[in-house]
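Worksheet for the structure shown next.
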Amino acid sequence: MNVFYKQLFIPLLVLLLAANFAGHAQTRIKDIRPGASSSSPEQLTSINGTLYFVADDGIHGKELWKSDGTEQGTVLVKDITIGVEDGQVQHLTNVNGTLFFSAKIVSAFGPANELYKSDGTSNGTVELLDGQSNKAESKNPDNLTNMGGILYYTNTLSLGGYGYTNLLKSNGTNAPGTGRINYLPSDPPNFFKISQLTVLNSILYFTYGGALWQSDGSQMGTVKVKTIAPGPGNIEIQNIINVNNTLFFTADDGQSSGVRRLWKSDGTANGTVKLKDGIGNPAEAPNPANLTNGNGTLYYTSSIAKGGYGYWGLFKSDGTDSPGTGFVGTFIKSTADTPLNDTNIPYEATANQASSPSSLIEVGGTLYFVFAGNLWKSNGTPSGTTKVANAVNPSLLTNVNGTLYFLSGPGSIYKTDPSANSAVAVFTSSDPTYNLTNVNGTLFFTHSDPASSGVELYKLDSASPPSDFSITGVTNVNCSLLTAGLRSLTFTPTYAGINGQPVSFSVVNELSPTLNSGPYTLSLYTDNPVITLKATQAGTATEASYVYNWLAACGSNPPPSSDFAISGVTSVNCATVSAGLRSLTFTPTYTGTNGQPVSFSVVNELSPTLNSGPYTLSLYTDNPVITLKATQAGTATEASYVYNWLAACGQGARIGIESTATLQVKLLGNPVQHTVTVEVSGAEGVSLNLSLTDMQGNLIGQSRTEQAQLTERFRFSVSDQSAGVLLLRVSTNRETKTVRIVKAN
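Just so you know, the sequence shown maps onto residues -25 to -1, 1 to 720 in mature numbering (1 follows the signal peptide of the UniProt record, and there is no 0).
In structure tokens form, the structure reads like this:
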């Protein structure tokens, strides 16, 4: 370019950009990849007021970054895959202030994506080991979900040449803190996967193989709720969402003319039912979509076929059949469509029928959505469903502290709120804008400036107008169990409208006013699940009030961070006193200790004592099993452990330890036609569980032996089973083995 024209062009460009960025003051936070190339920030995720994201600075590849909204505070967290190669960082998830994600590792078994966590520092960004030594066999974390401060997720598992889909959990530490809950087959031709993890009342729900499942975080507590779809897999169940403690989803059960309908579930088979929307012919309102929680009411959309015409409808449901589930309104062209009923919502459309309502979001008790190229809002009635003026081609609807921000066209940002009937521009540009994200009341986004910096990270310096002083929510919630009906709650309130003056905080009937900034700890009874937070700020006239359902935030029955339990016995020493009498010395081991005193006893053998052991008992060999008991101050439940001390000592041994025999499963015939016969060894003296299922998880038979002999034989009838593959799972408290059985005709 000629030097004269270049000198003229650059100032003009600056003026044009200044004009484009009129509205709220905006800031390009940092040119992460200097020059016209793009760092392309993505996966913007807010955690405790810090933005985490993935970007490429041209040196380290796509890696994990964080930003506090300043140039100096926008930094690379860690170069997980050293050099220019991408770290494949995915699935950024906030679990009580800790960032979990997946990223690539390279091991002796080859590259694989594994689970990581980060505290925002390089040293604190580490891989979490799930106990599977061959990383290529347990990889690709997905569906990362927070339930009660524990991360639940899925991955793929390969064992013995067979494929499985894994359900796992992590408390942020290596195995056993991170490990498998259960695994289910994922083989041809359907390759079923666990997906759509959703939390309802401290229970995790998910779909697998055309069925709804639930898990309490344990293997035994991971069970099928109900088979919904007889079809080829998870695609038949979609859109799972928790709305006001009811689980809603859409499914095709094969009885609705080949279309999905709206369902709900309370976690039981009988309580998992299809909802009636008042439309007798399912084909007239098929395939509900865009399921959204609107202030405790489910809203969704569906197409409607009537009299040869096609329409779009907005629906809502309170979890009961019609009229509890039914129309909010039917959208009709104001110039062309024939009115259907008094739920008509007219709109202007000059071309063909508009696409479905989409992008449903609740802001301050008002439902917003996109329809026919415009922004709409609704209070749940036909007359209250209206178009918002000055909001054309909206997308990326984002709630920032009760104000709706959205993208209009390719690059401009507008805002509105429930009190307004129109939208106003806060940032205008003809260049593309992406990734609108609320970070503690500030709107972050990415924007393309092709002339100077490519796609980089921006923010609006004033994402919302100054607000009245208020309590906006609660963060850093920690709940622990004191007794069956008593919890210890630790939390910190969050505020809007802070002016830098002291804040006096209190909880009605629970905490007197204090200038302490928190966190606060209360002992609360579960029969009082709702508390009222109060705060006043010097220089502000009004008192802020916030009604907080602390029990819902904790879960109705939260487990301690680690349940107190007797986990085993160590330091076992056995001495022969006489032919039928032994002297046993041992020390129990515990999990979930909190530093408080532990009272230990042995039923019928040792009275409760605060002595920490070791303990010595004189025991007769005709009483080979004893029951250990323990209680811990501050823990509601009593721990119990059934201990086969004689098996640990050995029948004639002077010194022994608990058996570590390897579990062995031997099929007496495979394939089978009528009966599965199996011999199990290596479980002597401990409880033994067997369950036989088909590949969809349907239980065929099960058996349990409380105290197994050297070799045990079991039989299961399979005469009424179809030809295919069956799964036999054999487990003790030490190990589990799964065997595949071929059922022949």
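Glycine is no exception: its CB is placed at the ideal position from the N, C-alpha and C atoms.
Proximity winner among the options, relative to residue i (alpha-carbon distances)
{"i": "serine 463", "options": "Tyr495, Val303, Gly514", "result": "Tyr495"}
{"i": "leucine 142", "options": "Gly299, Ile178, Gly192", "result": "Gly192"}
{"i": "threonine 182", "options": "Asn176, Gly246, Asn270, Thr202", "result": "Thr202"}
{"i": "asparagine 376", "options": "Leu418, Thr408, Asp406", "result": "Leu418"}
{"i": "glycine 58", "options": "Ile307, Gly33, Asn365, Ser77", "result": "Gly33"}
{"i": "tyrosine 91", "options": "Ser108, Gly85, Asn115", "result": "Asn115"}
{"i": "asparagine 69", "options": "Gln107, Pro86, Phe28", "result": "Phe28"}
{"i": "glutamate 337", "options": "Leu456, Ser330, Val345", "result": "Val345"}
{"i": "glycine 269", "options": "Leu342, Gly154, Gly294", "result": "Leu342"}
{"i": "aspartate 392", "options": "Asp406, Gly384, Thr551, Ala366", "result": "Ala366"}
{"i": "cysteine 549", "options": "Glu60, Thr562, Thr300", "result": "Thr562"}
{"i": "asparagine 410", "options": "Ser387, Thr247, Thr129, Gly229", "result": "Ser387"}
{"i": "threonine 501", "options": "Ser331, Leu526, Leu486", "result": "Leu526"}
{"i": "asparagine 42", "options": "Tyr322, Thr412, Thr602", "result": "According to the sequence provided, residue 42 is serine. The question's asparagine does not apply to it. Among Tyr322, Thr412, Thr602, the Cα nearest to that of serine 42 is on Thr412."}
{"i": "leucine 592", "options": "Leu581, Asn598, Val600", "result": "Leu581"}
{"i": "asparagine 396", "options": "Lys352, Ser383, Leu372, Ala519", "result": "Lys352"}
{"i": "threonine 472", "options": "Leu457, Ser481, Ser445, Ala459", "result": "This sequence places glycine at residue 472; threonine is not what is there. For the residues Leu457, Ser481, Ser445, Ala459, the minimum Cα distance to glycine 472 belongs to Ser445."}
{"i": "isoleucine 215", "options": "Arg236, Thr421, Thr197", "result": "Arg236"}
{"i": "leucine 19", "options": "Ser706, Ile675, Gln512, Thr421", "result": "Thr421"}
{"i": "alanine 608", "options": "Ala510, Leu642, Leu457", "result": "Leu457"}
{"i": "glycine 124", "options": "Gly95, Cys529, Lys308, Ile55", "result": "Cys529"}
{"i": "glycine 644", "options": "Tyr616, Phe691, Asp54, Glu613", "result": "Phe691"}
Anticipated Cβ contact below 8 Å, residue i with residue j, distance rounded
{"i": "residue 721", "j": "threonine 469", "result": "Residue 721 lies beyond the range of the chain shown here (-25 to 720); nothing can be said about it."}
{"i": "alanine 622", "j": "alanine 658", "result": "About 10 Å separates the two Cβ atoms, so there is no contact after all."}
{"i": "asparagine 474", "j": "threonine 515", "result": "7 Å"}
{"i": "valine 234", "j": "asparagine 262", "result": "5 Å"}
{"i": "threonine 356", "j": "valine 303", "result": "7 Å"}
{"i": "threonine 566", "j": "serine 587", "result": "The pair is not a contact, with the Cβ atoms about 16 Å apart (cut-off 8 Å)."}
{"i": "leucine 175", "j": "leucine 222", "result": "5 Å"}
{"i": "leucine 435", "j": "threonine 360", "result": "With a Cβ gap of about 29 Å, leucine 435 and threonine 360 do not count as contacting."}
{"i": "phenylalanine 689", "j": "valine 640", "result": "At roughly 10 Å, the Cβ-Cβ gap does not stay under 8 Å, so phenylalanine 689 and valine 640 are not in contact."}
{"i": "glutamate 60", "j": "glycine 85", "result": "Actually they do not touch by this definition, with Cβ atoms about 14 Å apart."}
{"i": "leucine 39", "j": "threonine 100", "result": "7 Å"}
{"i": "alanine 204", "j": "aspartate 228", "result": "6 Å"}
Beta-bridge partners of residue i, as assigned by DSSP
{"i": "leucine 179", "result": "Val174, Ser190"}
{"i": "arginine 8", "result": "Per DSSP, none; premise fails for arginine 8."}
{"i": "threonine 421", "result": "Tyr409, Leu432"}
{"i": "methionine 122", "result": "Ile125"}
{"i": "cysteine 454", "result": "Leu464"}
{"i": "glutamine 213", "result": "Thr225"}
{"i": "arginine 3", "result": "Tyr433"}
{"i": "asparagine 524", "result": "Val505"}
{"i": "lysine 712", "result": "Val705"}
{"i": "arginine 235", "result": "Arginine 235 is not bridged to any residue."}
{"i": "serine 358", "result": "In the DSSP output, where bridge partners are listed per residue, serine 358 has none listed."}
{"i": "lysine 390", "result": "Tyr380, Val399"}
Distance CB(residue i)-CB(residue j) smaller than 8 Å
{"i": "serine 93", "j": "leucine 74", "result": "yes"}
{"i": "leucine 556", "j": "serine 574", "result": "no"}
{"i": "leucine 172", "j": "threonine 120", "result": "yes"}
{"i": "valine 414", "j": "serine 12", "result": "no"}
{"i": "serine 678", "j": "leucine 665", "result": "yes"}
{"i": "leucine 701", "j": "valine 693", "result": "yes"}
{"i": "alanine 78", "j": "glycine 62", "result": "yes"}
{"i": "aspartate 6", "j": "serine 428", "result": "yes"}
{"i": "glycine 138", "j": "aspartate 117", "result": "no"}
{"i": "serine 177", "j": "methionine 122", "result": "yes"}
{"i": "glycine 253", "j": "glycine 301", "result": "yes"}
{"i": "cysteine 624", "j": "leucine 559", "result": "yes"}
{"i": "glycine 106", "j": "glycine 154", "result": "yes"}
{"i": "valine 544", "j": "tyrosine 618", "result": "yes"}
{"i": "valine 714", "j": "leucine 663", "result": "no"}
{"i": "leucine 382", "j": "serine 370", "result": "yes"}
{"i": "threonine 247", "j": "leucine 187", "result": "yes"}
Near the ligand ZN: residue i beta-carbon under 7 Å from a heavy atom
{"i": "isoleucine 34", "result": "Judged by which ligands are present, the structure shown has none, so any question about the ligand ZN falls away."}
Beta carbon proximity, residue i to chain D, threshold 8 Å
{"i": "tyrosine 409", "result": "Absence of chain D from the displayed structure is noted, only one protein chain being present."}
Discussion item. Runs of 3 residues minimum, wholly inside the stretch 249 to 302: which ones carry the beta strand (DSSP E) assignment?
Written reply: Taking only runs of at least 3 residues, the beta strand (DSSP E) segments lying wholly in the stretch 249 to 302 are 264 to 269, 272 to 281, 284 to 292.
Worksheet item: Fully enclosed by the stretch 554 to 599, which beta strand (DSSP E) runs are 3 residues long or longer?
Response: Runs found: 556 to 566, 573 to 577, 581 to 584, 590 to 595.
Worksheet item: What beta strand (DSSP E) runs, 3 residues minimum, are completely inside the stretch 130 to 161?
Response: The qualifying runs are 137 to 145, 153 to 160.
Practice prompt. For the stretch 657 to 707, list the beta strand (DSSP E) runs that are entirely contained and at least 3 residues long, ordered along the chain.
Written response: Within the stretch 657 to 707, the complete beta strand (DSSP E) segments of 3 residues or longer fall at 663 to 669, 674 to 680, 686 to 692, 699 to 706, listed in chain order.
Discussion item. For a minimum of 4 consecutive residues, which ranges assigned as the alpha helix (DSSP H) are wholly contained in the stretch 49 to 78?
Written reply: Runs found: none.
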